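Working notes, beginning with the structure itself.
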Amino acid sequence: MSRIWETPGGIYPPANKRQSLSLPIDYPQLPERLVVPLDQHAGRPCRACVEVGQQVLKGELIGVVDGALGAAVHAPSSGTVTAIEPRPAGRLSGRPARCIEIATDGLERWTRRPCVADYRQMSAPQLVDRIAQSGIAGMGGGGFPTAAKLTPNGLPPIATIIVNATECEPYVTADESLMRERACEIIQGIDILAHIHGNRARLVIGIEQSKPEALAALRAACAKSAMEIVEIPRKYPSGGERQLIYALTGKELPSGDIPANIGVICINVATVYAIKRAVIDGEPLISRVVTVTGGACATQRNYQALIGTPIKHLLRHSGVNNNRLNQLIMGGSISGFKLPSDEVPVVKTSYCILAPDIDEFAPAPPERACIRCGRCAEVCPASLLPQQLLWHAKAANHQQLEEHNLVDCIECSACNYVCPSHIPLVDYYRAGKVHIDAARQVKSNAAQARQRFEFRQLRLARLEREQSQRRAARRSAAVPSNAPRAPVARLSSADIIAAAQNRAASKQPTVEQTLDKLQRNISTLQNRLELAEQRLVAASDDPLNKQNSLRAAVEGARQKLQRAEQRLTEQAHG
Amino acid sequence: MGELPAASAYLSTSAVLLGLTLICSALIGCAWARFPADRDRRIVDIDDLLPQTQCGQCGHPGCRPYAEAIADGQPINRCPPGGQATIDALAQLLGVESLALDPEHGTENPEISVAYIREDECIGCTKCIQACPVDAIVGATKLMHTVIIDQCTGCDLCVEPCPVDCIDMLPVSINGGQGVASSALLATSNIIAHRHPGQALRELP
Numbered sequence: 313m314s315r316i317w318e319t320p321g322g323i324y325p326p327a328n329k330r331q332s333l334s335l336p337i338d339y340p341q342l343p344e345r346l347v348v349p350l351d352q353h354a355g356r357p358c359r360a361c362v363e364v365g366q367q368v369l370k371g372e373l374i375g376v377v378d379g380a381l382g383a384a385v386h387a388p389s390s391g392t393v394t395a396i397e398p399r400p401a402g403r404l405s406g407r408p409a410r411c412i413e414i415a416t417d418g419l420e421r422w423t424r425r426p427c428v429a430d431y432r433q434m435s436a437p438q439l440v441d442r443i444a445q446s447g448i449a450g451m452g453g454g455g456f457p458t459a460a461k462l463t464p465n466g467l468p469p470i471a472t473i474i475v476n477a478t479e480c481e482p483y484v485t486a487d488e489s490l491m492r493e494r495a496c497e498i499i500q501g502i503d504i505l506a507h508i509h510g511n512r513a514r515l516v517i518g519i520e521q522s523k524p525e526a527l528a529a530l531r532a533a534c535a536k537s538a539m540e541i542v543e544i545p546r547k548y549p550s551g552g553e554r555q556l557i558y559a560l561t562g563k564e565l566p567s568g569d570i571p572a573n574i575g576v577i578c579i580n581v582a583t584v585y586a587i588k589r590a591v592i593d594g595e596p597l598i599s600r601v602v603t604v605t606g607g608a609c610a611t612q613r614n615y616q617a618l619i620g621t622p623i624k625h626l627l628r629h630s631g632v633n634n635n636r637l638n639q640l641i642m643g644g645s646i647s648g649f650k651l652p653s654d655e656v657p658v659v660k661t662s663y664c665i666l667a668p669d670i671d672e673f674a675p676a677p678p679e680r681a682c683i684r685c686g687r688c689a690e691v692c693p694a695s696l697l698p699q700q701l702l703w704h705a706k707a708a709n710h711q712q713l714e715e716h717n718l719v720d721c722i723e724c725s726a727c728n729y730v731c732p733s734h735i736p737l738v739d740y741y742r743a744g745k746v747h748i749d750a751a752r753q754v755k756s757n758a759a760q761a762r763q764r765f766e767f768r769q770l771r772l773a774r775l776e777r778e779q780s781q782r783r784a785a786r787r788s789a790a791v792p793s794n795a796p797r798a799p800v801a802r803l804s805s806a807d808i809i810a811a812a813q814n815r816a817a818s819k820q821p822t823v824e825q826t827l828d829k830l831q832r833n834i835s836t837l838q839n840r841l842e843l844a845e846q847r848l849v850a851a852s853d854d855p856l857n858k859q860n861s862l863r864a865a866v867e868g869a870r871q872k873l874q875r876a877e878q879r880l881t882e883q884a885h886g
Numbered sequence: 043m044g045e046l047p048a049a050s051a052y053l054s055t056s057a058v059l060l061g062l063t064l065i066c067s068a069l070i071g072c073a074w075a076r077f078p079a080d081r082d083r084r085i086v087d088i089d090d091l092l093p094q095t096q097c098g099q100c101g102h103p104g105c106r107p108y109a110e111a112i113a114d115g116q117p118i119n120r121c122p123p124g125g126q127a128t129i130d131a132l133a134q135l136l137g138v139e140s141l142a143l144d145p146e147h148g149t150e151n152p153e154i155s156v157a158y159i160r161e162d163e164c165i166g167c168t169k170c171i172q173a174c175p176v177d178a179i180v181g182a183t184k185l186m187h188t189v190i191i192d193q194c195t196g197c198d199l200c201v202e203p204c205p206v207d208c209i210d211m212l213p214v215s216i217n218g219g220q221g222v223a224s225s226a227l228l229a230t231s232n233i234i235a236h237r238h239p240g241q242a243l244r245e246l247p
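Chains A and B supply the protein sequences, listed in that same order.
Per the numbering used here, the very first residue in the first sequence carries number 313; after that it's consecutive.
Per the numbering used here, the very first residue in the second sequence carries number 43; after that it's consecutive.
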């Protein structure tokens, strides 16, 4: 049994997971329209590579990575592209995202799937490329492109691969049901990861103690391998990347670092499953398991939903009673956020759709003043000072926010949960982060503009200088008419004649040159004569005067040729 | 009588401290006058606070020239793109009283716009290219010109020289341009609007 390090902070909210675990994963009906956002990952949004009206096959590439970081987007089903435009998206910022809408044809025709018989024959770069082509991005909510995570440049080799199977958020059971039903495929995915890293890394699956069935399934599936399955005591948020790394390895990730800096990769269990599907079955990431739960649903369960499925389609499947619906939440009850409408689609990072009953959630009471009780600091898993952060966020004091390491806040909302004054602290932190990012962007834009401006000034100055130099050079080269001429040396007439003869002699060509020149001349004239004769033959039907002029041309050419040949013989003999 | 020595000690100490203060301030003053590099550094600091739109609304041909003018004592309230925030920052840097924006030089516009060329109307005269202070317009004689939106500072200087009036100043889209930052700020209001959803406080059956 591996040692477990205890992470700071944390809360113990009611889990409410049983409701959605009583039924197996279901495959909902194919929706009529799929809305696939081009922006489902960290990095720049993808660029659409299809056009409106185009037919697409299931699994066909429809959005290509634009920039250094990104995850490709594929058509979740076959059909016709009907629109490429901004649509409401299930994003925290509430801003619409550019989406490709596909009207499905119900035929589910697949594009070619590059299946691999034995991935062990493939090299690590080939496998990573396969994962990149499949558009896999962190499915635990982060959306970080997995291929980029697996190939950290210039960092120490990976010593530990951690599979994050904690799923500590209340209500969410997507990963748990996946582990219960598809443990073997998850283990295969982990084997692929191990193979990519040369089978040298320690493999650890971190799972919460509260999932005995999933644990048993995983244990049974990996009985023969060297994987460690570590049970972590139930606590929210035990599944934060930094928290899990610390709990399993005792290593604390320095602020601002990525896990690869300390030789660790932490990857969500659903992502591992997607890797298996991509490498062994050749399927790009076009569907995911999503929990649809909450008291307003008649059936609470997990769905294997296509990416782009409008959530109202899933809600209809679950028999949501709109009269009892409190609100729609993307994510779990602690760190989830309200959805603007039920039109938003399922994306690669949506693990849960929560439709609570009216009585189920206490409505958020009005916010009161902070009483400095300090409970938020006790539960903060990142050991930050939430009160200070709140203070500075309200004052928009960016410098202080950065000094208090706002960047390390994982937005788990544990502080919100315990706050007796019902302050939505994390909302303030998120706004602060956005402001800091915006200020940084403005700064970098200004630096770029300054550089371009200064470069332009330098260029204009250089052009000016060069022009004035050219003018000066021309001025000095041109001799003014009234300027005194340079004195000419007086020469005797004999000297002048001698100089002229010398010049002529130096210009005299050699015999070979002359002969050569005459030869060339003759061949040219021969060509010309031939051409003239041909023209004359061709013009036999033409009027007489034209024939005459052509005949004259032939004659002229013949005479020239004769003269040239004569000169050649003279030269050769003389 | 016993208090007298204490009082004199107090006085002499104060005199010594006062002397030290005077000497130090004299030294600092000398250094200030002796090292003109200090002016250069100040110009760089001032230039850092200016928005680098290079629009010339302040009456100088760019932000750096205005920074030099401020270092030489010109008023700090002539930069409309920077607005009140820049004036306040300049005032804090220079240790002077903050002023309101001088309306003679323009008004503050919170919405950032960038230039777009209506490309089928462009006749390829290159006049806008010559006007752009940051080389953000590409094109050649008698060929269409276009604005590199990511590099456009929204200075407006290309609009007036265009002989066919085919340049529009449009608010930045959500997808790019120097306005990325401003649209991010807009998103903040949404974040606050998407308040925390509330909490399930009990375990359900």
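Idealized CB from N, CA, C, for every residue including glycine.
Model, not experiment: these values are computed from the prediction.
- At least 8 Å separates the beta-carbon of A384 (chain A) from that of C411 (chain A).
- Distance from the CA atom of G686 (chain A) to the CA atom of P732 (chain A), rounded to whole angstroms, is 10 Å.
- Beta-bridge partners assigned by DSSP to Y548 (chain A): A:I323.
- In the DSSP assignment, N614 (chain A) is bridged to A:T603.
- Residue state for V849 (chain A) is assigned as helix, using DSSP reduced to three classes.
- If you check the CB distance, V377 (chain A) and G501 (chain A) do not come in under 8 Å.
- Of all C-beta pairs linking the stretch 361-372 of chain A to the stretch 510-527 of chain A, fewer than three are shorter than 8 Å, placing the two stretches out of contact.
- At a cut-off of 8 Å between C-beta atoms, P175 (chain B) counts as an interface residue with respect to chain A.
- Judged by DSSP in its simplified three-state form, K370 (chain A) adopts strand.
- Using a CB distance cut-off of 8 Å, R359 (chain A) does not count as an interface residue toward chain B.
- Listed along chain A is no residue with a C-beta nearer than 8 Å to that of T63 (chain B); the closest approach is about 31 Å.
- Distance from the CA of I443 (chain A) to the CA of N580 (chain A), rounded to the nearest whole angstrom, comes to 15 Å.
- DSSP places I670 (chain A) outside any beta strand (DSSP E), giving it a letter other than H or E.
- For the stretch 190-204 of chain B, residues whose beta-carbon sits nearer than 7 Å to a beta-carbon of chain A comprise Q193, T195.
- One thing to note: V393 (chain A) has its Cβ within 8 Å of the Cβ of V368 (chain A).
- Just so you know, the alpha carbons of V138 (chain B) and A759 (chain A) end up roughly 26 Å apart.
- By the criterion of at least three beta-carbon pairs nearer than 8 Å, the stretch 506-518 of chain A is not in contact with the stretch 601-613 of chain A.
- For S818 (chain A), the enclosing alpha helix (DSSP H) starts and ends at 805-819.
- In the DSSP annotation of this structure, the continuous segment of the alpha helix (DSSP H) that includes T881 (chain A) starts and ends at 856-885.
- Checking the DSSP bridge columns, you'll see L505 (chain A) has no partner listed.
- Boundaries of the beta strand (DSSP E) around V156 (chain B): 155-159.
- The alpha helix (DSSP H) runs of length 4 or more contained entirely in the stretch 423-498 of chain A are, from start to end of the chain, 436-445, 458-462, 486-493.
- Under the three-state reduction of DSSP, N638 (chain A) is assigned to coil, being neither helix nor strand.
- Using a Cβ-Cβ cut-off of 8 Å, A758 (chain A) counts as an interface residue toward chain B, since at least one Cβ of chain B sits closer than that to its own.
- Bounds of any alpha helix (DSSP H) do not take in L651 (chain A), whose DSSP letter is neither H nor E.
- Membership of I579 (chain A) in any alpha helix (DSSP H) is not indicated; the residue belongs instead to the beta strand (DSSP E) covering 576-580.
- G391 (chain A): member of the beta strand (DSSP E) spanning 391-399, first to last residue.
- For secondary structure counted as the beta strand (DSSP E) over 3 or more consecutive residues, the stretch 97-159 of chain B holds these complete runs in sequence order: 155-159.
- DSSP places E564 (chain A) in no alpha helix (DSSP H); its state is neither H nor E.
- In this structure, the CA atom of E776 (chain A) is about 18 Å from the CA atom of V176 (chain B).
- Three or more Cβ pairs drawn from the stretch 669-678 of chain A and the stretch 622-640 of chain A lie within less than 8 Å of each other, which places the two stretches in contact.
- For P213 (chain B), the enclosing beta strand (DSSP E) stretches over residues 209-213.
- The DSSP-derived three-state label of H704 (chain A) is helix.
- The beta carbons of A436 (chain A) and I508 (chain A) sit closer together than 8 Å.
- About 4 Å separates the beta carbons of L618 (chain A) and P388 (chain A), which is inside the 8 Å limit, making them a contact pair.
- Taking a cut-off of 8 Å on C-beta distances, the stretch 188-198 of chain B does not touch the stretch 777-786 of chain A, as fewer than three cross pairs fall below it.
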